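Numbers given in this note's numbering equal positions in the sequence shown, counted from 1, plus 41. Just so you know, even glycine gets a beta-carbon here, dropped at the ideal spot from N, CA and C. Computed from a prediction, not measured in an experiment: that's the story for all the values here. So the structure is just underneath, and the comments pick up after that.
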Amino acid sequence: MRKPVTLLFTILAVVICFIHYLGYDPKNLILISLSIPLWVIPLFTDIAHVNLFLAYGLTIASWALLGYIVDRYVFRAREKS
């Protein structure tokens, strides 16, 4: 089974993290807007106290998981038809 959406979403997450790491996102707008775990973290703790590399890892993992779910859904839909 091919996983094109998983690969695309993972690459997207890596690019988002890389842009932030290089300093092209000084106000954290791109990272916080497009990182699913960083939407939830402020509910439990201050976002400034979160390890940045943990945030990057969670961002990449969450986008990869989301892509995998989409790929599974597409695979099952194609399998039925």
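Report task. Just the C-alpha distance for Pro67 and Ile60, rounded to the nearest angstrom, thanks. Result -> 10 Å
Query raised in the report: Would the beta-carbon of Lys44 fall within 9 Å of that of Tyr109?
Result: yes
Query raised in the report: Whose CA, out of Leu93, Ala102, Ile88, lies closest to the CA of Phe50?
Result: Ala102
Query raised in the report: So what does DSSP say about Tyr65, is it helix, strand or coil?
Result: coil
Report task. Return yes when the Cβ of Ala96 is within less than 9 Å of the Cβ of Leu79, no when it is not. Result -> The answer is yes: Cβ separation under 9 Å.
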